[in-house]
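This report concerns only the one structure given below.
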């Protein structure tokens with residue numbers, strides 16, 4: 002008799018991922034004002050920290066994490082994503098964060114292996 | 080008698096994807112000025128058309144296409160990507176385009192299908 006276990010262990014859980022991202026962003030840039038000389042380092046820290054926490058979840062997924070930091074000065078910014086994948090197993094989650102001087106948008110895409 | 084066909088693993092061709100994406104961007108916003116009312120439509124069209132072109136190539140990949148359009152007004156914008164995947168087969172490419180009034184950045188991520 003075959004036992005087929007489709008568990009939460011192998012699904013993309015948006016809430017879990019969302020929490021991880023929020024913590025990574027807060028940790029990397031929380032309390033800082035936009036600084037041109039440091040923003041490079043910040044985006045790198047956010048994606049690396051997020052990715053490292055995601056891989057620790059130990060799920061059979063490949064991940065793509067993107068981070069955009071934009072200075073607040075009235076400019077308009079619009080982003081869109083389109084994905085060609087398996088709707089039953091793959092998923093994405095986007096977190097928008099802001100403070101007085103900048104916006105930070107992080108997107109995570111998880112693709113089941 | 081056994082017929083054995085060995086299929087080599089295909090890896091992502093970033094140059095080809097790049098050309099395809101540039102054509103899509105040019106076709107959709109080439110020659111236009113930043114317009115707050117239309118930008119929503121533009122980003123959606125760019126990702127949809129780019130994705131369609133990529134899928135038409137018939138390669139065994141899952142794709143993610145991301146597009147950001149930003150008005151030119153002196154603000155600083157920084158983006159970073161990090162990927163946890165199979166570096167032998169998966170890949171990405173980013174196309175940066177601009178005109179007088181706006182920047183457009185499109186990123187394509189391709190993840191090989193494991194059969």
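Protein chains in written order, with our numbering: chain G, 2 to 114; chain Z, 80 to 194.
Positions of the beta carbon are idealized from the N, C-alpha and C atoms, including for glycine.
Since the structure is predicted, the reported quantities are computational estimates derived from the model, not experimental observations.
Residues of the stretch 146-163 of chain Z whose Cβ lies closer than 9 Å to any Cβ of chain G, in chain order: The residues in question are 146, 147, 148, 149, 150, 151, 152, 153, 154, 155, 156, 157, 158, 159, 160, 161, 162 and 163.
Three-pair Cβ contact test at 8 Å for the stretch 55-66 of chain G versus the stretch 31-46 of chain G: Verdict: no, contact absent.
CB of residue 95 (chain G) within 8 Å of CB of residue 108 (chain G), strictly: yes
Residue 121 (chain Z), enclosing alpha helix (DSSP H) - first and last residue: 118-135
Residue-chain proximity (residue 54 (chain G), chain Z), Cβ-Cβ < 8 Å: no
Buried versus exposed, by CB contacts within 10 Å (16 or more), residue 180 (chain Z): Exposed is the call here.
Test item: CB-CB of residue 50 (chain G) and residue 28 (chain G) under 8 Å: yes
Contact set between residue 114 (chain G) and chain Z, taken where Cβ atoms lie within less than 8 Å: For residue 114 (chain G), the C-beta contacts it makes with chain Z under 8 Å involve 193, in order along the chain.
Residue 42 (chain G) (DSSP reduced to helix, strand or coil): helix
DSSP bridge partner residues for residue 34 (chain G) (one or two, in chain order): Paired residues: none, contrary to the question.
C-beta neighbour in chain Z for residue 3 (chain G), strict 8 Å: Note that residue 3 (chain G) has pLDDT 46, beneath the 50 cutoff, so the model's placement of it is unreliable and no number is given.
Backbone secondary structure at residue 20 (chain G) - three-state DSSP: Correct three-state label for residue 20 (chain G): helix.
Span of the beta strand (DSSP E) around residue 186 (chain Z): 181-191
Check whether residue 158 (chain Z) and residue 67 (chain G) have beta carbons under 8 Å apart: yes
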